[in-house]
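Working notes for the structure below.
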Amino acid sequence: MARVFINNVDTYLGEQVAEIFANTVVGSTVEEAVEEEEGSTQAAVRYEVVGTVSCASAVPCAAVSEVVSAEGLDELLVALIQCDIIVYDITGDEEQVENCLIACNALHEQMTNFKSPKTFICLSSVMSWCKTKPNEPAIEDEPEQPFTEEDYRRRKPHHNFKAEIKYVGT
Numbered sequence: 173m174a175r176v177f178i179n180n181v182d183t184y185l186g187e188q189v190a191e192i193f194a195n196t197v198v199g200s201t202v203e204e205a206v207e208e209e210e211g212s213t214q215a216a217v218r219y220e221v222v223g224t225v226s227c228a229s230a231v232p233c234a235a236v237s238e239v240v241s242a243e244g245l246d247e248l249l250v251a252l253i254q255c256d257i258i259v260y261d262i263t264g265d266e267e268q269v270e271n272c273l274i275a276c277n278a279l280h281e282q283m284t285n286f287k288s289p290k291t292f293i294c295l296s297s298v299m300s301w302c303k304t305k306p307n308e309p310a311i312e313d314e315p316e317q318p319f320t321e322e323d324y325r326r327r328k329p330h331h332n333f334k335a336e337i338k339y340v341g342t
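Numbering (our numbering), first residue to last: 173 to 342.
In structure tokens form, the structure reads like this:
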């Protein structure tokens, strides 16, 4: 079974991401997921969601199968290594940015021990892009082109989000 780690699964964004993964068939495409919602009743392997909570008394949503303590780096690292996909939401506060960086560095040190590749997804605020000039359309009458993965180097954040860019670019 494929495992997904999500930090702060008790927050609104964490719950939504957890629900999406828990209800998605491993390896399916967006089109297949839509078709499945329209009536397929086949049993399929879905993602197992594990994660941390923002405070000890928080209760995660039903989609979360295991809660990992964010306090001990060793326990957290073991959980991260066991996951195929790691999602860090850094929109909440600056402490999450630092936790994300610590997790990335710890995982990087353990890369040689991975049995399979990992996907690390960092969710940042749209404000980290808000002053970036849009891409020029290929044809005059076309709407603006969306940003691509290669555009991240030319991001211009709102002044309140410069710290986020500093950490995400690391």
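Note that the Cβ used here is the ideal one computed from N, Cα and C, for glycine as well.
Check: Can V259 and F319 be called in contact, C-beta distance under 8 Å?; Outcome: no
Check: Based on Cα-Cα distance, which residue from A216, M173, A230 lies nearest to D182?; Outcome: A230
Check: Quick one: what's I253 bridged to in DSSP?; Outcome: According to DSSP, I253 bridges with nothing at all.
Check: Are the beta-carbon atoms of V239 and V221 separated by less than 8 Å?; Outcome: no
Check: Please classify G244: does DSSP put it in a helix, a strand, or coil?; Outcome: coil
Check: Measuring straight from C-alpha to C-alpha, what distance separates R175 and P232?; Outcome: 16 Å
Check: Using three-state DSSP, classify F319 as helix, strand or coil.; Outcome: coil
Check: Could you tell me whether the stretch 195-204 touches the stretch 265-278, where touching means 3 or more Cβ pairs closer than 8 Å?; Outcome: no
Check: If you reduce the DSSP assignment to three classes, tell me which class V189 lands in.; Outcome: helix
Check: Can you tell me which of the three DSSP states C294 falls into?; Outcome: strand
Check: I293 to C276, Cα distance in whole Å?; Outcome: 11 Å
Check: From this set, V198, N195, L248, which residue's C-alpha is nearest N180's C-alpha?; Outcome: L248
Check: Could you check what DSSP says for S229 in three-state terms: helix, strand or coil?; Outcome: coil
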